Structures are given as C-alpha cells and as structure tokens.
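Before any comments, here is the structure.
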Amino acid sequence: MHPAFQNASSAVPITFATKSTWDTVSATLPAAARRFAAANAFTAKPGQYLALPAEDGSLAHVVFGIEDTSSEWRDLFRPGQLPGLLPAGTYSFTNQPHDTRLAALAFALGSYRFNRYRKNDVPGARLVPPDGLDMVELTRMADAAALARDLINTPANDMGPDELAQAAQALAEKFGAAYSCIIGDDLLKQNFPLIHAVGMASTRAPRLIDITWGDASHPKVTLVGKGVCFDTGGLDLKPSSGMLIMKKDMGGAANVLALAQMIMDAKLKVRLRVLIPAVENSVAGNAFRPLDIFPSRKGVNVEIGNTDAEGRLVLADALALADEEKPDLLIDLGTLTGAARVALGPDLPPFYTNDETLAADVARHARTENDPLWRMPLWMPYDSWLDSKTANLNNAPGGAFAGSITCALFLKRFVESATSWLHVDIYGWTPSAKPARPEGGECQAARAIYKLLSERYG
Ligand code: BES
Ligand code: MN
Ligand code: ZN
C-alpha cells in the first residue's frame, strides 16, 4: 500500500462538512468541541480545517470544510490539502466527502514531497483506507504520479538523456520488458535525423529509448513522450524567465513512463511500446540553426523556423518509427507549446484526436479521474501554415496564432498508419500548490489514459 495509507484499529476521525451541513455536523459534537469551533470562527468554508482537542488537550477530532453539494464547482481533490495540514498520526474519514475514492487518492497525491535533496518535509499523516476502495489501484496511481513528479523535479544536471534512459531501463527491468536505446551518431545511421539534430549540441548525447512489453498478439498500444531534459531554446535562446523551469521539458517522457508503469503493474492486455526521444536542446558551435533543413525519418525535409520548436522535431522521428508497425493506438505526450497555456492554462492540457470514440472516452475518464483534459481541434484549414518555401514543411510557421494546434498538425504529418492517434500538449508542472498538487512537477493525462486503457484492455 502507498505510505500515505495505513490500516489501524484506532485513528483520529476526520469529519467533512460544508457551510450548509456544518450546523447539523456540529450538533453531533460534544458541547466543548462545539464552543471551541465557534470560538475559532469555524464555518466549514472549503479548505478550512480545525483540530478539536479532547478534555486532556490531545487531538480528538478533525473537521474539514469542503464545497457545498449545490455549489457550482466542487474540488474533488480538496481533501488532498489534509496531509499538509495534519500533524503526524493516523486518521480516518467518519463521513463521505463528495467522492471518497478521489478523496483518498488526493490524500496520497497531497502527501508527495520532492525530497531527493532535502529530506525533512514529507507529511506524517496516514489515512486508514476507507471501506470499499481498491487500494491496490489507488496505490498504483499515486506511485505512478510520484514517479512522474520525481523525474520532472530532478534538475537537469542530474536528469540528462542518460539518466532519463536509466530511469526507463530500471522500469523496463522491474516488469521484465525489453529495453534498447540508440545513442549519439547511431541515430544518424539508423535514420533519426531530427532527434540527432536537436540533441547534438549538448555534451550529453541524444538518444532514442525503446521499451516493449506484453503479449505480441495483444492490441498494440504505443506511447511516445517528449524527453527534452533541458530546453534552452537552442540558438533561438529563451529569455531567462522562459528558461527557468525548462528542466520540466521531459514531462511528456516522465508521464509516459508513469503511464507505462500503471499499465504493466495492472497487466493490461496490450502489447505496449514506449518510445522516448531523450535530448538536451543546448547552445554550441555545432547547434542546429534557424533555416537549417534536415531530412526526417519519414522522408520529408523539415526547415527549422525556430530552434525552440524542438519538441515536435524529436517527436516527429519517434512518431514515424511508432507508426511503422501500425499500432492500434498511438499516444504522444509532450510539453510542447506555451500557446497551450495561453489557451487553457497550466492545469487543463489540450488533447487532439480525429477518433471521435477515443475523444469521448478521453474526456469522460479525464472527468472521472479528476485529471482534466480538454479537446482542441486538428483544424485542417491551418495545415497550410506549415508550408515551407524551401523544404516540405517548417517546424515553426510565422505568426503567433493557434500555436498548439499548428504543433499538433505538424505531428499529424508523421502519423499515417496508426489506427487511432491521441496527442496531448501537457504542461507537466503545478506553478503554485493546490489541493493534492504540490508545487512542481506534475502527473498529467497519465491517470485518465490509464483508466481508458484499463476499460478497453483490462
Ligand atoms: N518546451 C517549450 C514549450 C513550453 C514553454 C511549455 C513554456 C511550457 C511552458 C517548447 O519547446 C517551445 O519552446 N515551444 C515554442 C514553440 C514556438 C517557437 C513555435 C513556444 O511555445 O514558444
Ligand atoms: Mn523549445
Ligand atoms: Zn521544449
């Protein structure tokens, strides 16, 4: 079980209340506790927390405010604040929050702290598993989120292409998956010119990580994750404000590994393949340049409009390889555009697909897992914006419009044979702490997609 959960015979009760149920809830409390709550002006506002003392001053009871049932929006992860509020100890829910499963998941997700370089701040509150929940499944999800977050939070000096590959290899070995990796100039020999072009200016060699797992007769599901371990922007260098959090530019890779971990741990009936182009977009004398033209694995020549549009370049070669074996479902995740944030903000990644059934399923699981995703269109009238005057296409067409859509359309050029394709332009980062979402690296899209896959292939 995840360390945030613990079976115990005695636990401090946590009671959920809302502004409109608080009167009824408080009537069940001892008179002294009721007066203590009133003296503290506790009214069960969402997120409001109060620890009620026993007569001897010990902790007797916790009350925690959540949104009213009738409110326009309820944060189903609200209980994810509790680990950050509660003193170390064992707790149990005495009544039902709006969604007990998501509340327990939020408790585990909210217990996460990145402690690789500083060991002291992991919350010590433990939750007794609420009745009737599949704790194996919740643990699987929380562990996967921690994997994605740890990989993203680890700074680029300790998470380069090699270290990312090592993390992928460790995951493969844990589940008996086949692992291989094409490194450095071998990328040219084996026809991955774009991955090589983006990664060659770094002293840390670019590579393509390739994992396969599962029964070859099962449906082929292939995951591709953008693994840019640091994105300086290349010669089109980012300003310092834009470069600051670019250690997270391997967030697609991190989330693809988190998703793969859930799939393999749950033994879904798929033939899984995971492809991660792992590179560092650096500046050096041999860096690729604006208006350079490179061939791609697929054969089309790509003109570099902007060296900072590197994610779509490395994904293009990986998607082309994935597409060669005609997967039943091809999914790519990447932190690809600032434009996606302009459109939808950090917490609501856009997804793209032309498969209507898949689109409906993604949206449904995103809702039920509280792993928000929002569909945007593969708007073909903008496809011609990718035209180049000197090559087959340009990676960063001029003009500031519809940047996330044009990126998706660029990727679409490299997917032809896959039965179904899903692209998610994630952020992979929580800019300021929210319930169940500590500031920093974030697991995005992986839980929703995992649930979709387990519904189809479980
Ligand atoms: N990694 C960035 C995208 C990004 C930036 C994600 C900030 C989240 C926050 C990507 O490689 C990039 O730089 N994209 C450019 C594309 C442009 C040059 C066409 C962008 O979005 O500005
Ligand atoms: Mn970039
Ligand atoms: Zn990038």
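Count along the sequence shown starting at 1, add 35, and that's the number in the numbering used here. In this text, a Cβ means the ideal position worked out from N, Cα and C, and glycines have one as well. Computed from a prediction, not measured in an experiment: that's the story for all the values here.
When secondary structure is reduced to three states using DSSP, E477 falls in the coil class, being assigned neither helix nor strand.
Taking 8 Å as the upper bound for CB-CB distance, E359 and S423 are not in contact here, some 24 Å apart.
The Cβ neighbour count for P470, taken over all protein chains shown within 10 Å, is at least 16; the residue is labelled buried. Three or more pairs of CB atoms, one per stretch, sit closer than 8 Å, so the segment 217-234 contacts the segment 340-359. A direct Cα-to-Cα measurement between A67 and M176 gives close to 40 Å. DSSP, read as helix, strand or coil, puts H253 in coil. Rounded to whole angstroms, the gap between the alpha carbons of T78 and V47 is 20 Å. Under the three-state reduction of DSSP, L140 is assigned to helix. Taking non-hydrogen atoms of ligand 3 into account, the C-beta of G346 is found less than 7 Å away from one of them. Following the DSSP letters along the chain, one finds F51 in no alpha helix (DSSP H) but inside the beta strand (DSSP E) bounded by residues 47-52. Cα atoms of Q479 and G260: separation of roughly 12 Å, rounded to the nearest angstrom. Restricting attention to P274, D197, A213, the CA atom closest to the CA of R242 is found in D197. Around the C-beta of W248, 16 or more other C-beta atoms lie within 10 Å, and the residue is accordingly described as buried. The residue from A375, A293, T129 with its alpha-carbon nearest to that of L199 is A293. Nearest to V263 by alpha-carbon distance, out of G211, K302, L186, P274, is L186. Between M299 and T174, the CB-CB gap reaches or exceeds 8 Å.
Within the same chain, Cβ atoms closer than 8 Å to the Cβ of K80 are found at K54, G100, the five residues on either side in sequence being excluded.
Rounded to whole angstroms, the gap between the alpha carbons of R347 and I461 is 13 Å. Relative to ligand 3, D266 has its C-beta within less than 7 Å of a heavy atom. Annotation for H96: the continuous beta strand (DSSP E) segment containing it runs 94-100.
In this structure, N155 has its CB at a distance of at least 7 Å from all heavy atoms of ligand 2. Around the beta-carbon of E474, fewer than 16 other beta-carbon atoms lie within 10 Å, marking it exposed. Excluding sequence positions up to five before and after L421, its CB lies within less than 7 Å of the CB of L428, N429, P432, T441, L444, F445, all in the same chain and listed in chain order. Pairing L270 with T342 gives a Cβ-Cβ distance under 8 Å. With a cutoff of 7 Å, L371 counts as near ligand 1, since its C-beta is closer than that to a heavy atom of the ligand. The beta carbon of Q204 sits closer than 6 Å to those of Y214, all from its chain and outside the five residues before and after it, given in chain order. In the three-state reduction of the DSSP assignment, N336 falls in the strand class. Taking a cut-off of 8 Å on C-beta distances, the segment 276-291 does not touch the segment 321-330, as fewer than three cross pairs fall below it.
Contact between the segment 477-493 and the segment 398-412 is present: three or more C-beta pairs spanning the two stretches fall below 8 Å.
By alpha-carbon distance to G340, the top candidate from A435, E490, D363 is A435.
Cα atoms of L140 and G438: separation of roughly 34 Å, rounded to the nearest angstrom. When the five nearest sequence neighbours on each side are left out, the beta carbons in the same chain lying within less than 6 Å of the beta carbon of K255 are those of R306, P362, D363, in order along the chain. When the alpha-carbon of N290 is set against those of A183, M235, S331, A240, the nearest one is in A183. For D271, the shortest C-beta to heavy atom distance toward ligand 3 is 7 Å or greater.
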